[in-house]
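Protein chains: 2
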Amino acid sequence: MKKKETVALDSTCSKELMAATDTLTILNGKWKIQIIATLNYSGPLRFMDLQRLIKGIGSKMLSRELQDLETNLLVKRTVLNTRPMTVEYELSPHGKSLERIINSMRLWGKAHRKKIAARN
Amino acid sequence: MKKKETVALDSTCSKELMAATDTLTILNGKWKIQIIATLNYSGPLRFMDLQRLIKGIGSKMLSRELQDLETNLLVKRTVLNTRPMTVEYELSPHGKSLERIINSMRLWGKAHRKKIAARN
Chain A
92 MKKKETVALD
102 STCSKELMAA
112 TDTLTILNGK
122 WKIQIIATLN
132 YSGPLRFMDL
142 QRLIKGIGSK
152 MLSRELQDLE
162 TNLLVKRTVL
172 NTRPMTVEYE
182 LSPHGKSLER
192 IINSMRLWGK
202 AHRKKIAARN
Chain B
92 MKKKETVALD
102 STCSKELMAA
112 TDTLTILNGK
122 WKIQIIATLN
132 YSGPLRFMDL
142 QRLIKGIGSK
152 MLSRELQDLE
162 TNLLVKRTVL
172 NTRPMTVEYE
182 LSPHGKSLER
192 IINSMRLWGK
202 AHRKKIAARN
């Protein structure tokens, strides 16, 4: 590990670590990672298509989660000039930049499951 | 990005992504990242020293968080043969393996703050 990446416990430590907790908070819950991964894989999607691809999510929940992601500049919402009006959602470049972290978390999570299973 | 690291939306997708959510859940809350980072930086610590280094954490909370981390095999608890008895906590190799993810989250969180600040 390069030195600049060390989790340093100097005077700025608490603030530094809070930035990590920010990321945690932004991804929090059951659905955000799934929404991000789906948009990352499929490209721009209409609300109904997104809901169809994410099994088990209700429309109220999806709507709220998308709003959160939009507020955090991770998802871009575009109203299309169609009749009836349609809305499309896509990942912003900032949203795409989460791919690497989500993948690391996925791989670590898989290793963790093996570890826990081996103990039992 | 190498192909094997892609967040694939095939039949195993939901299960794969749940592994990422597992990681999220394990790190969840205000304190776990701070405890992991402190033990990672300082090496083995007694309970009181750990509490002193993590500003604002109460002993009940610290105790509960350490128990969670122990259950998840991230922290090792050693009872030392001293009088009075003392207990030492240290990061397991499995716990140490979170360093890279926490650092990625920290760096992303910092970039995110800048992004949000620039919007306002």
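Residue numbers (the working numbering), protein chains in the order written: chain A, 92 to 211; chain B, 92 to 211.
Beta carbons: idealized from backbone N, C-alpha and C, even for Gly.
Which stretch, first to last residue, makes up the alpha helix (DSSP H) that contains residue i?
i        : result
B:Arg155 : Ser150 to Thr162
A:Thr129 : Lys123 to Ser133
B:Lys144 : The question names Lys, but residue 144 of chain B in the sequence shown is Leu. Run containing B:Leu144: Phe138 to Leu144, per the alpha helix (DSSP H) assignment.
A:Leu108 : Cys104 to Leu118
Near residue i, which residues of its chain fall below 8 Å by C-beta distance, leaving aside the five closest residues on each side in sequence?
i        : result
B:Asp101 : Legend: pLDDT at B:Asp101 = 46, less than 50; position of this residue unreliable, value from coordinates given subsequently. Closer than 8 Å at Cβ, skipping near neighbours: no residue.
A:Ala99  : Confidence at A:Ala99 is low in this model, with a pLDDT of 46, below 50, so its placement is unreliable and the value that follows should be read with caution. So the qualifying residues of the chain are Glu107.
A:Trp122 : Ile145, Ile148, Met152, Leu153 and Glu156
B:Leu136 : Thr129, Leu130, Leu144, Glu179, Tyr180 and Glu181
B:Gly120 : Glu156
B:Leu171 : Thr177, Val178 and Glu179
Quick one: residues in its chain with C-beta nearer than 7 Å to the C-beta of residue i, no 5 flanking neighbours on either side, listed in chain order?
i        : result
A:Lys94  : At A:Lys94, the pLDDT of 44 sits below 50, so the modelled position is not reliable; the number obtained from the coordinates is stated separately. Cβ neighbours of A:Lys94 beyond the five flanking positions: none.
A:Gln142 : Ile148, Ser150 and Leu153
B:Glu161 : Arg168
A:Asp113 : none
A:Gln125 : Ile145
A:Ile193 : Ile124, Ile127 and Ala128
B:Ser183 : Leu164, Leu165, Val166 and Lys167
B:Gly134 : Glu181
On the DSSP bridge list, what partners appear for residue i?
i        : result
B:Lys167 : B:Glu181
For residue i, which residues from the same chain have a beta carbon less than 6 Å from its beta carbon, with the 5 sequence-adjacent residues on both sides left out?
i        : result
A:Asn163 : Ile117
A:Met196 : none
A:Arg191 : none
Is there a Cβ from chain D that is less than 9 Å from the Cβ of residue i?
i        : result
B:Ile148 : The structure shown has no chain D; the protein chains it does contain are A and B.
Check whether the Cβ of residue i lies closer than 8 Å to any heavy atom of the ligand NAP, and answer yes or no.
i        : result
A:Trp199 : You won't find the ligand NAP in this model; it holds no ligand whatsoever.
### Task
Could you tell me which uninterrupted alpha helix (DSSP H) segments, each at least 4 residues in length, are contained entirely in the region 171 to 200 of chain A, listed from first to last along the chain?
For secondary structure counted as the alpha helix (DSSP H) over 4 or more consecutive residues, the region 171 to 200 of chain A holds these complete runs in sequence order: 184 to 187.
### Task
With 8 Å as the limit, tell me which residues of the region 117 to 133 of chain B have their beta carbon closer than that to any beta carbon of chain A; keep them in chain order.
Within the region 117 to 133 of chain B, the qualifying residues are Ile117, Leu118, Asn119, Lys121, Ile124, Gln125, Ala128, Thr129, Asn131, Tyr132 and Ser133.
### Message
If the cut-off is 7 Å on Cβ atoms, which residues from the region 151 to 184 of chain A count as contacting chain B, listed in chain order?
### Response
Listed in sequence order: Leu164.
#### Entry: Interface residues of the region 190 to 209 of chain A facing chain B [CB-CB below 8 Å]
For chain B, the residues of the region 190 to 209 of chain A that bring a beta carbon within less than 8 Å of one of its beta carbons are Glu190, Arg191, Ile192, Ile193, Asn194, Ser195, Met196, Arg197, Leu198, Trp199, Gly200, Lys201, Ala202, His203, Arg204, Lys206 and Ile207, in chain order.
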